[in-house]
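Using full-length UniProt numbering, the first residue of the sequence shown is number 1, and each one after it goes up by one.
All C-beta atoms in this analysis are idealised placements derived from N, C-alpha and C, irrespective of residue type, glycine included.
A short worksheet on the structure shown next.
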Amino acid sequence: MQVTTIEHYVPEPGTLLEWRPAPSTRDAVAAAPAVDVPPSFNQWFHLQTAARAADGRCAPGVWLALAFDLPGRLDPVALDATFAYWIRRHETLRSGFRGTREDPERFVVPKAEVALIPGDVHHFTSAPGLRAHLRSRLDEVCDPLSWPGFVLAAIVRSTGFTVFCGFDHRNVDGYSLAIAVHELATIYLALSAGEPLELPAAGSFIEYCALENARQPPGPDDPAMIRWGRFLDACGGTTPAFPLQLGVRPGFPRPQTTSCRRLLDRSAVAGFEALCRKLGGSVFTGVLAAAALALRRRGAGGDIRLVTPMHTRTDPRWAHTIGWLTTVAPLTLCAREDRFAMALRSAVAEFRAAREAGADRMPVVLPALGDRFRRTRDDVFMVSYTDYRGLRGSEQHAPRRAQHISNVTVADDAQFWVSRTHEGLFLRARYPDTPEAHQNVAAFIESFTAIISQAHLTPAH
C-alpha cells in the first residue's frame with residue numbers, strides 16, 4: 001500500500017460520484033441518545049488538537065483517506081450497497097461526538113437507520129482539479145465534532161473506477177485503511193456478482209474505547225511508570241523532539257512539507273532483512289538503528305530519544321476493527337559507536353525492554369504522571385514502521401494501486417513513516433516548511449538512506 005499525502009496524490013480524472021447519508025439517517029443522528037463511553041486517549045488528543053486549531057494555533061483537517069482501483073464498468077447500486085453494508089459493520093463509523101471539544105458526548109446511530117443517497121456529480125479532466133476538489137470536500141466534512149466525518153466516493157472512467165474514501169482521524173488509523181481497502185473490494189465484488197459474502201467478525205471500536213477507559217492507573221512503582229517517567233524527564237518533561245534544528249518554536253507550527261521516496265527495492269530490502277536477522281534484529285529495529293546513526297552523523301549529540309507507534313490489535317477480536325488502535329513506545333537509542341551492528345543491537349535491546357516494561361500503556365501512564373508531563377507541541381518526533389505484506393489482501397495492493405493518503409496541515413516537529421510492501425521499502429516524512437527543516441531533514445534522509453542501502457558493506461560485529 002503506497003503511503004503518501006494529498007499533494008502527492010495523482011488521481012486519474014473522470015466523473016466523481018459521491019454518496020451521503022440520507023435525510024432519515026441524519027434525523028436518526030439528531031435523535032440518537034448519548035452513549036456513556038468517553039473518547040479514547042487518541043481521540044482526546046485529536047479533539048485537543050482541533051481545539052488548538054479553533055484558537056488559530058494550527059490548521060484543521062487531520063484526516064486519512066484511501067484510494068484503490070477496480071476494473072470494469074461501475075455498478076453504482078452495488079457500490080451504494082457496499083458502503084451501507086460497511087458502515088453498518090463498523091460501529092465507529094456510525095458514532096460521533098457532539099457538544100464541545102472540552103466536554104464531548106458520544107452517540108451511536110443504530111444499524112437499521114443507515115441509508116445513503118447519491119450526492120452531486122462532478123466531471124474532471126485534470127488530476128489537479130480533481131485532487132483540489134477531493135481535498136476541499138475532506139476538509140469540509142472531516143471534523144471531530146461533525147457526523148458523518150467521512151467522504152464516500154468513486155471516480156468513474158470508461159476502463160474502470162477508483163474507490164476513494166476519507167475519514168476524520170478519530171475513526172481510523174493506518175491499519176484501518178488497509179482493512180478498508182480489502183473489505184470494500186471484497187464486498188463490492190461479491191454484491192456486484194450476486195455471490196455470497198463472508199467476512200470475519202469485526203470487533204467494535206466503541207467497546208475498545210470503553211475497555212481502555214476502564215483500565216486502572218498504574219502505581220508509582222509500575223515498570224511502565226518508571227520507564228515513561230525517566231524518558232520524559234530526559235526530554236525536559238515533554239515529548240521528544242527531532243534533535244536537529246527545524247526553525248520552529250514548539251507549539252507554534254508552520255505549514256507542513258512532505259517527502260515521499262522509495263528506500264530499497266524488493267531484492268535490496270530482502271538483503272537488508274537478512275543482515276538484520278543475522279545480527280539478531282529485524283527490518284524494524286534496523287530502521288531504528290539507521291535513524292539513530294544518521295542523526296549522530298549529522299550532529300545530534302548523545303542518545304537519540306523518539307517514540308515509535310505500535311498497534312494495539314494483539315487481541316484477535318480487534319484484528320478486523322476499523323478504529324484508532326495505536327499507542328507509542330518510548331525509545332532511547334544509542335549510536336555512540338557509529339557502527340550499524342552496535343546501533344542495531346541497542347535498538348533491539350531498547351525495544352525489548354520497552355515491551356517488557358509495558359511502556360505501550362501510554363493511555364493510562366501519561367495521565368498518572370501528572371505534572372511530570374506537559375504537552376508543549378502538537379507533534380512528536382517519531383519513527384514509524386509498518387509491514388503491509390501480512391495484511392489481508394496485500395497481494396492486491398499494487399495491482400489495485402491502493403494508497404494511504406494523509407492530509408497536509410501544519411507541523412512543529414519531524415515525523416517519519418517507513419513502510420514495507422511486496423515491492424520494497426518506502427519512506428514518507430513530514431516536517432515544517434522552513435529553510436532549517438528543509439536543510440536538516442534532507443541531510444538526515446540522505447544519511448538514513450545511505451546507511452540502509454550500504455549496511456551490508458559494514459562489518460557485522
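Report the option in the options whose CA atom is closest to the CA atom of residue i.
i: Val408; options: Gly61, Glu18, Ala368, Gly358; result: Gly61
i: Pro367; options: Asn213, Ala190, Ala180; result: Asn213
i: Pro11; options: Arg94, Glu356, Leu17, Ala127; result: Ala127
i: Asn171; options: Leu116, Pro243, Gly99, His90; result: His90
i: Phe284; options: Thr238, Ala357, Glu350, Cys235; result: Glu350
i: Tyr431; options: Ala398, Arg317, Pro250; result: Pro250
i: Ala34; options: Ser158, Pro110, Glu195, Gln48; result: Pro110
i: Ser267; options: Asp338, Pro223, Leu425; result: Leu425
i: Trp228; options: Asp360, Ser406, Ala180, Glu113; result: Asp360
i: Pro13; options: His122, Thr92, Ala190; result: His122
i: Gly72; options: Ala185, Leu457, Arg377; result: Ala185
i: Ala319; options: Phe231, Thr258, Asp173; result: Asp173
i: Phe97; options: Arg277, His46, Ala289, Ala65; result: His46
i: Ile187; options: Gly129, Gln2, Gly237, Arg88; result: Arg88
i: Ala317; options: Thr15, Tyr208, Phe231; result: The sequence given here has Arg at residue 317, not Ala. It is Tyr208.
i: Thr326; options: Ser384, Ala300, Arg392; result: Ser384
i: Thr49; options: Thr238, Ala193, Thr376; result: Thr376
Rounded to the nearest angstrom, what separates residue i and residue j at their Cα positions?
i: Gln256; j: Asp433; result: 5 Å
i: Trp324; j: Ile206; result: 10 Å
i: Phe124; j: Ile451; result: 43 Å
i: Arg57; j: Cys142; result: Because the pLDDT at Arg57 is just 47, under 50, the model does not fix this residue reliably, and the value given afterwards should be weighed accordingly. For Arg57 and Cys142, the distance between alpha carbons rounds to 19 Å.
i: Cys260; j: Gly219; result: 42 Å
i: Ala67; j: Leu177; result: 9 Å
i: Gln439; j: Asp379; result: 19 Å
i: Met362; j: Asp413; result: 20 Å
i: Gly280; j: Val348; result: 8 Å
i: Trp44; j: Met310; result: 18 Å
i: Tyr9; j: Gln216; result: 43 Å
i: Gln396; j: Thr386; result: 17 Å
i: Gly302; j: Ala354; result: 19 Å
i: Pro223; j: Ala154; result: 49 Å
i: Asp139; j: Phe164; result: 15 Å
i: Arg262; j: Ala112; result: 45 Å
i: Leu246; j: His133; result: 31 Å
i: Asp233; j: Phe373; result: 8 Å
i: Arg101; j: Pro144; result: 8 Å
i: Gln403; j: Arg135; result: 15 Å
i: Val156; j: Leu79; result: 12 Å
i: Gly370; j: Asp221; result: 15 Å
i: residue 501; j: Leu191; result: In the structure as shown, the chain begins at 1 and stops at 461. Residue 501 is therefore absent and cannot be evaluated.
i: Gln2; j: Arg420; result: 9 Å
i: Ala292; j: Arg336; result: 9 Å
i: Leu16; j: Thr238; result: 44 Å
Locate the beta strand (DSSP E) running through residue i, then write down its first and last residues.
i: His311; result: 304 to 311
i: Phe65; result: The sequence shown places Ala at residue 65, not Phe. Residues 63 to 71.
i: Arg345; result: Run containing Arg345: none in the beta strand (DSSP E); it sits in the alpha helix (DSSP H), 340 to 356.
i: Arg420; result: 415 to 421
i: His404; result: 403 to 406
i: Val10; result: No beta strand (DSSP E) holds Val10; DSSP gives it neither H nor E.
i: Pro330; result: 326 to 333
Flag this pair as yes or no: are the beta carbons of residue i and residue j separated by less than 8 Å?
i: Trp63; j: Leu152; result: no
i: Ala241; j: Phe381; result: yes
i: Ile6; j: Arg131; result: yes
i: Arg305; j: Leu244; result: no
i: Val441; j: Pro253; result: no
i: His422; j: Arg400; result: no
i: Leu331; j: Val365; result: no
i: Ala210; j: Val37; result: yes
i: Phe161; j: Leu70; result: yes
i: Ile405; j: Ile179; result: no
i: Phe416; j: Ala437; result: no
What are the residues that DSSP puts in a beta bridge with residue i?
i: Phe107; result: Ala34, Gly96
i: Ile155; result: Leu16, Thr162
i: Asp360; result: Per DSSP, none; premise fails for Asp360.
i: Pro21; result: Leu116
i: Met1; result: Bridge partners of Met1: none, in fact.
i: Thr258; result: Arg430
i: Gly424; result: Asp265, Thr421
If you follow the alpha helix (DSSP H) that residue i is part of, which residue opens it and which one closes it?
i: Arg137; result: 127 to 141
i: Gln454; result: 435 to 454
i: Val287; result: 283 to 297
i: Ala78; result: 76 to 89
i: Val383; result: No alpha helix (DSSP H) holds Val383; the beta strand (DSSP E) holding it covers 382 to 387.
i: His182; result: 174 to 193
i: Asp412; result: Where Asp412 is concerned, there is no enclosing alpha helix (DSSP H), given that its DSSP letter is neither H nor E.
i: Pro223; result: 223 to 234
i: Ile322; result: Taken as a continuous stretch (DSSP letters only), Ile322 belongs to no alpha helix (DSSP H), as it is neither H nor E.
i: Phe242; result: Segment: none, Phe242 is in no alpha helix (DSSP H) and carries neither H nor E.
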